[in-house]
Structure formats: structure tokens, C-alpha cells
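**Student:**
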Amino acid sequence: MRRHGSEVSVRAGYKQGLRAGAPSESMDSLLFLCARRIVAHRPLPALPADLYPILFQAAFLDGRPLVLRDLVTAWPFPVLNFQRLVGRRELLRDHPCKLCVQAVILAVVAQLRRDLEEPGRDSRRFRLRLLDMTGLPDAASGRAPDGMSVWSGTVALAKACVEVSKHQREFQRRGSKRHKGRSGAATAAAAPQPPGVDVHADLFVNGTSYGILRDALQTGAAGPLRLKCREFQAEELSASGIVTLLESLDPSCVRRVDLRFNNLGLTGLSVILPHLSRFPELRSLKLQYSNVDVRRPTPESAIGIRCLAGQLGMLPSLRELNLGSSRLSGNLRQILCDLQAPLESLELAFCSLLPADLAFLSQSFHAPALKRLDLSGHDFSQSLLEPLRLLLEETSASLLHLDLMECRMADSHLDALLPTLRRCSRLRFLGLYGNSLSTAALKDLLQKTLELLDLRLVVYPFPVDCYKPEAPSESGWNYEEPMDGERLAAASAEISRMLANSGRTDLVWTYNPYGHGAMDYFSL
């Protein structure tokens, strides 16, 4: 009896934790190990409903698509949430099996088709009403070679929506033919329709996938399988194509719109941005690489800036804005002047900002609210340094993430900023890659920022004293690798020793700017 009671309490505790949004079972727990043994064999035995979540986790992480199909077919709950079931995002990143994701989608499609063909069958056999696939990491930038990219996932979901909608229309047409006359047609139209499934997902579309996603959003909106977008990313599309997709999205779910690499210019943005006001929960807008250049003022650019500012002001929930690689010299005040609430994340990398832009920002209501600030690609070796220091003073109480990569800073410039950086008590990330700093300056930075207890990651540049002296070739080009590997290894080892001696095992210092994953605004 004691053993039976323990088993019941474990299952009950797991189910209670799942409902509360707690992380899923750890991979070395006894329950998880037992689940792995069960999903290793098909067919699955009859199992209590509260064990389905842990079985799903085991089957997904072990790469068992057929078992996942069986589990989804008999899913006993109305909601299936990938992130809540599988657990930490790191697990999803390392195990994003494409076949497993496809198996879940295909199982839902098969069940919806069966519901359409057998409208009188017991609906309790398929209880799933919400499939939440948001937050799946993009395998295109992850480590798993057999993973599914966000683009591929978007295409797979769009095709599934179109397929189910097509099957629904064919079934209704067959029903109309079987019942001749007006009364028969009315009977077919009045046949009970299955409640269907809403799919919450992050969508990424480009010119190749535009057609299928447009069809899925337009024809599937009232169908049995309905796409609900949380984060929308579009690349290399025309302004009219982007507007068509935005108008087809369910406005209640969208929290981010990412329009990078679309070459829109101020004219294209003026076409698109008015359509964003229909999204009441839109908190993040990314417009980097939009081909905006207002360094040389013209009457047309002045009108475009006023239009952009007014349209941004129509987004009351906006908290993150990325204008990276837009040439904004002297126009930041005009662009941000109509915002209704302070921004918490502002990315202005390579924006050709002037001292007046940073001065405005430090005096604005945005500064004390900023959690993330990216000013990479600006020259802080001259007139921008003091405005930057004053801006950091104003953001010091809130700042969590600071990017100052490729900013032409030498030791003296970092030394001038260091007292202010030490006052950023909540700082978690500091990016200094691509600056001309010495090993001595980096060691001093490390020693003096150990007191920042929330700091978790510092991306530092290759120290300037680790480069080889460059001997020019006869052609004027030097193809020799300039880095002295031994010096770099010695500098890295010394930094590692300092970290170890300090006891800060939670702090990472690295000269590799890739593979860490940017701190997303929604995770701040």
C-alpha cells in the first residue's frame, strides 16, 4: 500500500506542478527514467491521463515521433504546450527533432480530418483545443542538425491549415451532393462542425513561403485548424505583401513584429506601420536594416520622420524598438517624441548618432526605464564618450543588457566609463567585442565589476597586445593571421584564473561573440 500511495502522490505532484506552470520533470528523476522505458516500446499500454505530460517529454527528448503521434491522438487535456511540457529552453534547443514536431502536427491534422468525416462520433476521444508551439528555438541557429527552423515550422503549420480547410470544403461538397435539393444542401451546411484546434506559434515568412502562409491565414481563419501568431517575422517582402499578412493575423495574440531586411525605407514604413495599431498587445517592433537614411535632411525626409513618429505613437503597448542600421543622425528626438510610454529596450546599433541624440535620450523619460541598450557601431573615442557616460548615469538603476561592440574604444575610454558602469548594479550582460582594449584594461574591468552580482556574461575583444606586428607585403596586403594564439591563450587563462579565484563561477567571460543567444526582451 505504501508503494501505491507513493506512486499516486508522485503523479499528483507532477500534475499539480504542470498546472501551476512549474518546470517539467528533471531528466534524471525516477519518474522520467520510467517514462523513457515506457515510450521505448509501441503500442503504449493504457495509462492514467496525468502521466501523459511526462511521457510526451520523454518521447520528444528521445526522438520518438511515432510515440508522440500516439500520445497526441489520445491527448486527454484541452491544451498541449511544448515549452511547458518539454521544459527548459536549453532542452528544446538541443533536442528540436524535426520529425517529432512534424509528428505532432500530423497527428492533429489526422484527428481533425477524422472529426470532419465522423461528425457524430464521441468528441471526448479528442479533447485537444489549443496547441501552443511558441518559443521553439530556431534550429537554423541552434546546435541540433536535425532540428526544425522557425521558417520550416511556419511552412509545416501553414500547409496543415490549408490541408484541413480543403478537406472540410470537400466533405461539405460531398454532403451537399448526397442530399439533393435545397433542403439537402441546407442539411449539409447545418451539419455539426468540430470545434477545431487553435495553434499558437511564432511565424517567419519570406518570399518563398509567402503564398502558403497567406492562404493558411485567409482560408483557415474559420477552419478547423487556426493559426494564431505570437511573434511575426518577415524578410525580403514588399510593403503590400507584409500588409496582406498583417491584416490576416488574429490581432489579439501578436506581441512582436520583426521586419528586418525588407528594404522598406521611410515610404514603405509609412505604408505598413498604420496596420500595426490593430495589435493591442504589440510590445516589440524590430525595423533594423530598413534602408532608412535621414543624415541629409530634405523636405521629403522631414515629412517621413513626422509620419514615422506619429505612427509609433499609435502603439500604446510598445516597449521594445530596434532601428539598427538606420542612419538617424540628429533625428532621434523627432522619431521618439510621440511615444506614449517609455521604452524598456532600445537598439540603435550603427545608427550614426550624434551627441545631440544621446543627450536627448539621457534627458528623456526612456532613460530611467531602459533595461536593454545597444549602441554598437558608434565612435566613442571622441565627442560621443561624455554623452554616453551621462546616458549610462541615467540608466544605471534599470540597465540589464549593454552592447557597446565595435565602438573604437581604447583603454582610456573604458577607464572613463568604468565608474559609471560600476553603478549599473543590475547589469547582466556587457558586450565590448571589437574594441581596442589591452589585457591589462580587461583585467582591471574584471576586478572592478566583480561587485556587480547580477552580471552573468561579458563578451570582450581580442586584447590588442595579443596581435602580431603586421609586416606589409609587397602588394600592400597582409594575408597572415594577425592573432598570436599563444598570447591570446595566456590572456584567456589569466582571466579564467581571476574568475576562479574570485569565486564567481556564475560569471562567464568570453571573446567569442557567437553562440550565447541574445538576451531577448521578453526574458528580461
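Mind the numbering: the sequence shown is residues -1 to 522 in the numbering used here, read in order.
We put the CB at the ideal spot given by N, CA and C, even for glycine.
By DSSP, does S282 sit in helix, in strand, or in coil?
**Tutor:** Three-state result, S282: strand.
**Student:** Give the straight-line distance between the Cα atoms of L223 and P76, rounded to the nearest whole angstrom.
**Tutor:** The alpha-carbon atoms of L223 and P76 are separated by roughly 14 Å.
**Student:** Just to confirm the assignment, what range does the beta strand (DSSP E) spanning L306 have?
**Tutor:** Segment 297 to 310 is the alpha helix (DSSP H) holding L306; no beta strand (DSSP E) there.
**Student:** Quick one: complete beta strand (DSSP E) runs, 3+ long, within the segment 395 to 440?
**Tutor:** Fully enclosed beta strand (DSSP E) runs of 3 or longer: 399 to 401, 427 to 429.
**Student:** Pick from S327, L280, P272: whose alpha carbon is nearest that of L306?
**Tutor:** The option with the nearest alpha carbon to L306 is P272.
**Student:** Decide if M481 is buried, meaning its Cβ has at least 16 other Cβ atoms within 10 Å, or exposed.
**Tutor:** M481 should be labelled exposed.
**Student:** Helix, strand or coil: how does DSSP classify N320 here?
**Tutor:** The answer is strand: DSSP assigns N320 an E or B state.
**Student:** Could you tell me if A220 is buried or exposed, where buried requires 16 or more neighbouring beta carbons within 10 angstroms of its beta carbon?
**Tutor:** That one is exposed.
**Student:** Given that a residue counts as buried once 16 or more other Cβ atoms are within 10 Å of its Cβ, and exposed if not, what is A10?
**Tutor:** Residue placement at A10 cannot be trusted, given a pLDDT of 43 that sits under 50; what the coordinates show is reported in the next sentence. Classification of A10: exposed, given that the 10 Å Cβ count is below 16.
**Student:** Who are the near neighbours of S207 in its chain, counting only those whose CB is closer than 8 Å to its CB and skipping five residues on each side?
**Tutor:** So the list reads W149, T152, V153, A156, once near-sequence residues are dropped.
**Student:** Taking Cβ to Cβ, would you say E229 is nearer than 8 Å to D200?
**Tutor:** Contact flag set, yes.
**Student:** First and last residue of the beta strand (DSSP E) that includes R370?
**Tutor:** Counting along the chain, the beta strand (DSSP E) containing R370 begins and ends at 370 to 372.
**Student:** Do you know offhand how far I333's Cα is from L388's?
**Tutor:** Roughly 21 Å between the two C-alpha positions.
**Student:** My guess is that S572 and L344 are in contact by the Cβ rule of under 8 Å, so how many angstroms apart are they, rounded?
**Tutor:** In this structure the chain extends from -1 to 522, so residue 572 is not present and cannot be described.
**Student:** Is the beta carbon of V37 sitting closer than 8 Å to the one on A57?
**Tutor:** In this structure, A57 lies closer than 8 Å to V37 by Cβ.
**Student:** Alpha carbon to alpha carbon, how far is A365 from A357? Give it in angstroms, no decimals.
**Tutor:** Near 10 Å, if we compare the C-alpha coordinates of A365 and A357.
**Student:** With contact counted as at least three CB pairs below 8 Å, one residue from each stretch, are the segment 414 to 434 and the segment 482 to 498 in contact?
**Tutor:** No contact exists between the segment 414 to 434 and the segment 482 to 498.
**Student:** Can you name, in chain order, every residue of its own chain whose Cβ lies under 7 Å from the Cβ of V462, other than the five neighbours on each side?
**Tutor:** S434, L435, S436, listed in sequence order.
**Student:** Which residues in the same chain have their Cβ closer than 6 Å to the Cβ of R67, if we skip the five residues on either side of it in sequence?
**Tutor:** Counting only Cβ-Cβ distances below 6 Å, and skipping sequence neighbours, we find A101, A105.
**Student:** Excluding five sequence neighbours on each side, which residues of the same chain lie with their C-beta closer than 6 Å to the C-beta of F363?
**Tutor:** Excluding positions up to five away in sequence, the list reads P340.
**Student:** Under the three-state reduction of DSSP, which class applies to K226: helix, strand or coil?
**Tutor:** Note: K226 maps to strand in three-state DSSP.
**Student:** To the nearest whole angstrom, what separates the beta carbons of V65 and L129, a pair I think is in contact under 8 Å?
**Tutor:** With 8 Å as the limit, V65 and L129 do not qualify as a contact, their Cβ atoms being about 17 Å apart.
**Student:** With distances taken from CA atoms, which of R167, C159, R34, D248 is nearest A524?
**Tutor:** Outside the displayed range of the chain (-1 to 522) lies residue 524, so it cannot be described from this structure.
**Student:** Please classify F363: does DSSP put it in a helix, a strand, or coil?
**Tutor:** The answer is coil: DSSP assigns F363 none of H, G, I, E or B.
**Student:** Is there contact here, the segment 486 to 503 with the segment 297 to 311, by at least three beta-carbon pairs under 8 Å?
**Tutor:** No, because fewer than three Cβ pairs between the segment 486 to 503 and the segment 297 to 311 fall closer than 8 Å, the two stretches do not touch.
**Student:** Can you check which of these residues, P63, D60, R34, R40, is closest to L49 by C-alpha distance?
**Tutor:** With distances taken between Cα atoms, L49 lies closest to R34.
**Student:** In angstroms with no decimal places, state the Cα-to-Cα distance between R172 and V197.
**Tutor:** Cα to Cα, the separation comes out at about 27 Å.
**Student:** So is N329 buried or exposed if we call it buried at 16+ other beta carbons inside 10 Å?
**Tutor:** The residue is buried, with at least 16 neighbouring Cβ atoms inside 10 Å.
**Student:** Thinking just about the alpha-carbon of each residue, which of N260, Q231, F259 is nearest to the one in L247?
**Tutor:** When each option's Cα is compared against that of L247, the closest is Q231.
**Student:** Just the C-alpha distance for R62 and R111, rounded to the nearest angstrom, thanks.
**Tutor:** About 23 Å.
**Student:** Kindly examine the ligand ATP and report whether one of its heavy atoms sits closer than 7 Å to the Cβ of G218.
**Tutor:** As far as ligands go, the structure on display features none, and thus does not contain the ligand ATP.
**Student:** Under 8 Å between the Cβ atoms of R370 and S315?
**Tutor:** Going by C-beta atoms, R370 is not nearer than 8 Å to S315.
**Student:** If we ignore side chains and look at the alpha-carbon of each, how far apart do N289 and L31 end up?
**Tutor:** Their backbone Cα atoms lie some 53 Å apart in a straight line.
**Student:** Locate the beta strand (DSSP E) running through D200, then write down its first and last residues.
**Tutor:** Start and end: 195 to 203.
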